[in-house]
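In what follows, a structure is listed as structure tokens, so that the remarks can point back to it.
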Amino acid sequence: MNPALTKLGAQMSNLTGVRAIMKDIIETLQSSGGQELINLSAGNPLILPEVEQLWRDCTADLLASSEYGEVVCRYGSSQGYAPLIEAIANDFNKRYNLKLTERNILITPGSQTLYFYAANSFGGYTSSGELKQIVLPLSPDYTGYGGICLFPEALIAYKPSLDIDASAHRFKYRPDFSQLSITENTGCVIFSRPCNPTGNVLTDDEVRKIAALAAPYDVPVLIDSAYAPPFPALNFTDMSLIFGENILHCTSLSKAGLPGERIGIAIGHERLIQVLESFQTNASLHSSRYGQAIAARAINSGALVQIAEQVIRPFYQNKFAILESTLDQAMPKDLPWYLHRGEGAIFAWLWLQDLPITDWELYQELKQVSVIVVPGSTFFPGLHEEWQHKHQCVRISLTGSDEELVTGMQRLAKVVEQIYQRAALSV
Ligand SMILES: Cc1ncc(COP(=O)(O)O)c(C=O)c1O
Numbered sequence: 001m002n003p004a005l006t007k008l009g010a011q012m013s014n015l016t017g018v019r020a021i022m023k024d025i026i027e028t029l030q031s032s033g034g035q036e037l038i039n040l041s042a043g044n045p046l047i048l049p050e051v052e053q054l055w056r057d058c059t060a061d062l063l064a065s066s067e068y069g070e071v072v073c074r075y076g077s078s079q080g081y082a083p084l085i086e087a088i089a090n091d092f093n094k095r096y097n098l099k100l101t102e103r104n105i106l107i108t109p110g111s112q113t114l115y116f117y118a119a120n121s122f123g124g125y126t127s128s129g130e131l132k133q134i135v136l137p138l139s140p141d142y143t144g145y146g147g148i149c150l151f152p153e154a155l156i157a158y159k160p161s162l163d164i165d166a167s168a169h170r171f172k173y174r175p176d177f178s179q180l181s182i183t184e185n186t187g188c189v190i191f192s193r194p195c196n197p198t199g200n201v202l203t204d205d206e207v208r209k210i211a212a213l214a215a216p217y218d219v220p221v222l223i224d225s226a227y228a229p230p231f232p233a234l235n236f237t238d239m240s241l242i243f244g245e246n247i248l249h250c251t252s253l254s255k256a257g258l259p260g261e262r263i264g265i266a267i268g269h270e271r272l273i274q275v276l277e278s279f280q281t282n283a284s285l286h287s288s289r290y291g292q293a294i295a296a297r298a299i300n301s302g303a304l305v306q307i308a309e310q311v312i313r314p315f316y317q318n319k320f321a322i323l324e325s326t327l328d329q330a331m332p333k334d335l336p337w338y339l340h341r342g343e344g345a346i347f348a349w350l351w352l353q354d355l356p357i358t359d360w361e362l363y364q365e366l367k368q369v370s371v372i373v374v375p376g377s378t379f380f381p382g383l384h385e386e387w388q389h390k391h392q393c394v395r396i397s398l399t400g401s402d403e404e405l406v407t408g409m410q411r412l413a414k415v416v417e418q419i420y421q422r423a424a425l426s427v
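full-length UniProt numbering applies: residue 1 is where the sequence shown begins, and numbers increase by one.
Okay, structure coming up:
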């Protein structure tokens, strides 16, 4: 069977970004023939015992309640399961001094879906044929933004400026406001904070500035808060959540231990919520109600926030500290390597300035020493201009064991040193 595909069908049946690399990684893992591989490529959060227990307890509570049949045996509203919406409104109102009502909240089957709805409601062609851009103000950013636009030409990303601390071998990306353009041609703005892949956290001022640039044109700014507080609270630096009339605060329960239940949450102006809710009714009806019912329990009891702050955040923060100190010990001091400041999320991002080979070739060489990381060039969706930097970075997942992180970084340091030495000899 080989059905004829439409242009859109062909586009959507193509894997983009990191998902294309994942195919190679899975094949490598399958063909390793018993050889122990250190897989530092995963984006899947680890199953932490306390987190699993929380969801088990909430499930037991749901099973024992008369609500069970209502939850799993019935369709519900596209906006989401009312007790979860109420739990989020109460929690956010108390925590952040807001005045949310149920009309400000939408639950989607994962936040990836939410970005798909938004990208295509606000980005793409208007009925009069103008192209509305989807602006990513700081590239690199989440690879999944590469596949959400039905009109890929709408996606535009901006090169950042680099804040480099050469002697410490650290750096940080910042939005380059001298380049960033948000105009009447912008449909929406999206960025992740904390950022996957870099662990960057845009400052409160940077976020306010982006939102202020978009406000005069009524452009929605989607703040992808998949790693932000209050859950999963995967920020290692202080950050405030920024709300506003044109801000859609988007979060997810995936990194708080429920990736399989597919729960995304959009919080914002009721007009924005209505647009996305209608898109959802057309596309998928609603998210799984079982996941929503257990999430409502974990939020109402306060257990989710507590576990996020006391278990999830310290777990990954400690992983980053292990990775950072291993690189500091193992990497040659005289090479221009720079680790992105570890401000959050579950990844480390390493930039190797003037790397003599591409990130893809580095990925292949690391495979030879049984270490798997993700080549960085897959994390620049929407950045069309050539930029050497795109081919000089790798993303390292913090989901490895402590030993794997130490051994993996020691091997990486050796491989990188040899690569620069080889290049110096061949000049
Ligand atoms: C920054 C970011 N946004 C969104 C997602 C999608 O998450 P989900 O659809 O599971 O909510 C991910 C998943 O890794 C992510 O890292």
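Beta carbons: idealized from backbone N, C-alpha and C, even for Gly.
Near ligand 1: residue i beta-carbon under 6 Å from a heavy atom
i	result
Gln280	no
Asn2	no
Ala226	yes
Asn196	yes
Tyr145	no
residue 431	With the chain covering only 1 through 427, there is no way to say anything about residue 431.
Tyr142	yes
Gln292	no
Pro259	yes
Gly264	yes
Ser111	yes
Ser252	yes
Gly76	no
Gly244	no
Gly400	no
residue 456	One cannot answer for residue 456 here, as it falls past the ends of the chain, which runs 1 to 427.
CB contact flag (residue i, residue j, <7 Å)
i	j	result
Gly264	Ser278	no
Ala118	Leu222	yes
Tyr144	Ala345	Inspection of the sequence shows that residue 144 is occupied by Gly rather than by Tyr. No, the Cβ-Cβ distance between Gly144 and Ala345 is not below 7 Å.
Ser139	Leu355	no
Asp141	Phe191	yes
Met409	Leu323	yes
Leu122	Cys188	Reading off the sequence, residue 122 comes out as Phe, not Leu. In this structure, Cys188 lies closer than 7 Å to Phe122 by Cβ.
Ala303	Val71	no
Phe236	Gly76	no
Arg297	Ala233	no
Leu213	Ile182	yes
Ile267	Ala211	no
Gln179	Ala154	no
Val416	Val369	no
His169	Trp55	no
residue 445	Gly110	Any property of residue 445 remains undetermined from this structure, which presents the chain solely from 1 to 427.
Pro160	Asp176	yes
Asn120	Leu98	no
Contact belief for residue i with residue j at Cβ below 8 Å, rounded distance in angstroms
i	j	result
Ser78	His286	5 Å
Leu40	Ile396	5 Å
Glu102	Ile85	5 Å
Tyr173	Asn196	With 8 Å as the limit, Tyr173 and Asn196 do not qualify as a contact, their Cβ atoms being about 13 Å apart.
residue 460	Met239	This structure cannot settle anything about residue 460, because the visible part of the chain is limited to 1 through 427.
Ala87	Asn300	5 Å
Leu114	Cys250	6 Å
Glu335	Leu327	The sequence given here has Leu at residue 335, not Glu. Incorrect: roughly 11 Å between the Cβ atoms, too far for contact.
His389	Asp359	That pair is no contact at about 10 Å.
Ile21	Val374	6 Å
Residue i at chain B interface by Cβ criterion, 7 Å
i	result
Gln368	Included in the structure is just one protein chain, with no chain B present.
Residue i - containing alpha helix (DSSP H), residue span
i	result
Gly76	Run containing Gly76: none; DSSP gives neither H nor E here.
Ser111	Ser111 to Phe122
Proximity test, residue i beta-carbon vs ligand 3 heavy atom, cut-off 6 Å
i	result
Ser161	With respect to ligand 3, the structure offers nothing, as its ligand set consists of ligand 1.
N-terminal and C-terminal residue of the beta strand (DSSP E) that residue i is part of
i	result
Lys172	Arg170 to Arg174
State whether the region 375-394 contacts the region 28-39, with contact taken as three or more CB pairs (one from each stretch) at a distance under 8 Å. No, because fewer than three Cβ pairs between the region 375-394 and the region 28-39 fall closer than 8 Å, the two stretches do not touch.
Per the contact definition of three or more C-beta pairs closer than 8 Å, is the region 243-258 in contact with the region 43-54? yes
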